[in-house]
Amino acid sequence: MEEHANYGIYFIECCTLIKENLPGAHISGGISNISFSFRGMEAVREAMHSVFLYHAIKAGLDMGIVNAGALPLYTDIDEELLKLCEDLLWNRDEEATEKMLVLAQKLKKGDKKATGDEDAWRKETVEKRLQHALVKGIDTYVVGDTEEARLCTDKYPRPLNVIEQPLMNGMSVVGELFGAGKMFLPQVIKSARVMKKAVAHLIPFMNAEREERLKTMSVEDAG
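For the sequence shown, UniProt numbering assigns the number 1 to the initial residue and increments by one for each residue that follows.
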């Protein structure tokens with residue numbers, strides 16, 4: 001509805017005003033209202049929620065009531081979908097709703113251009129696969145990929161090196177995205193769980209390495 005077109009803008013502007021004039025106040029809001037007109041089009045709604053949160057958090061929103069598990073990363077939203085979400089939120093294109101409905105139909109039909117190849121990352125190097133798994137919170141392949149990295153002894157002579165390099169590099173990307181407001185706390189928690197699973201796989205190897213070193217030291221001392 002035309003009279004509702006600026007509600008998202010008003011909410012974000014109100015967040016800024018509240019924080020400027022009532023610095024001790026906290027702000028919460030139900031996020032799904034922003035996409036209610038597109039109910040039944042989940043890919044569109046989830047993208048709209050992510051875009052709205054990205055801007056609302058910057059304006060001062062403290063807590064959003066939303067299904068965090070379904071939020072895509074802001075940086076992962078399809079370019080065309082992202083532009084339409086931004087156009088709708090800021091009410092800068094009168095035809096944005098009609099354009100979004102057309103795109104929503106493509107998404108429903110599984111249009112490759114709109115959805116992309118979700119498994120393409122499995123063809124990347126082990127380092128990129130580990131980073132992808134951490135950023136996306138995908139634990140399905142992380143043990144196998146961590147083991148593959150551990151076996152690359154020319155790159156990672158010790159199990160600890162796998163943690164210090166590819167795994168920590170992935171978590172650094174998570175930290176950067178979170179700091180920029182493009183990733184949200186529930187997503188960071190999922191990333192931390194993936195990291196924990198990867199480290200848990202490496203712990204027995206690190207313990208075995210430590211025991212071997214202690215044995216070597218004992219033999220040298222005895223000699």
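Note that the Cβ used here is the ideal one computed from N, Cα and C, for glycine as well.
Legend entry - Alpha carbon of Lys-99 to alpha carbon of Leu-84, nearest angstrom: Spanning the two alpha carbons is a distance of roughly 7 Å.
Inset, instruction - Report buried or exposed for Ile-31, applying the criterion of at least 16 other Cβ atoms within 10 angstroms of its Cβ. - result: Buried: at least 16 other Cβ atoms inside 10 Å.
Legend entry - C-beta contact flag for Lys-215 and Val-142 at 8 Å: Their beta carbons are not under 8 Å apart, which means Lys-215 does not touch Val-142 by this criterion.
Legend entry - alpha helix (DSSP H) segments (min. 4 residues) lying fully within the UniProt domain "B12-binding N-terminal" (117 to 214): 126 to 136, 142 to 151, 159 to 162 and 168 to 179
Legend entry - Met-41 (DSSP reduced to helix, strand or coil): coil
Inset, instruction - Using the Cα positions of Ala-180 and Arg-213, report the straight-line distance between them to the nearest angstrom. - result: The straight-line gap from Cα to Cα measures roughly 43 Å.
Inset, instruction - Count the C-beta pairs between the stretch 202 to 211 and the stretch 176 to 192 that are closer than 8 Å, then say yes if the count reaches three, no if not. - result: No contact exists between the stretch 202 to 211 and the stretch 176 to 192.
Legend entry - Buried or exposed by the 16-neighbour rule on C-beta atoms within 10 Å, applied to Gln-105: exposed
Inset, instruction - Using a threshold of 8 Å, state whether the C-beta atoms of Val-44 and Phe-38 are closer than that. - result: yes
Inset, instruction - Could you spell out where the beta strand (DSSP E) holding Ala-64 opens and where it closes? - result: The question names Ala, but residue 64 is Gly in the sequence shown. Where Gly-64 is concerned, the enclosing beta strand (DSSP E) starts and stops at 63 to 65.
Inset, instruction - With DSSP as the reference, label Gly-60 as helix, strand or coil. - result: coil
Legend entry - Gly-24 in three-state terms, based on DSSP: coil
Legend entry - Boundaries of the alpha helix (DSSP H) in which Asp-76 is found, first to last residue: No alpha helix (DSSP H) contains Asp-76, which DSSP labels as neither H nor E.
Legend entry - Residues of its chain near Ala-114, where Cβ-Cβ distance is below 8 Å and the 5 sequence neighbours each way are ignored: At Ala-114, the pLDDT of 45 sits below 50, so the modelled position is not reliable; the number obtained from the coordinates is stated separately. The residues are Asp-78, Glu-80, Leu-81, Leu-103, Lys-106 and Leu-107.
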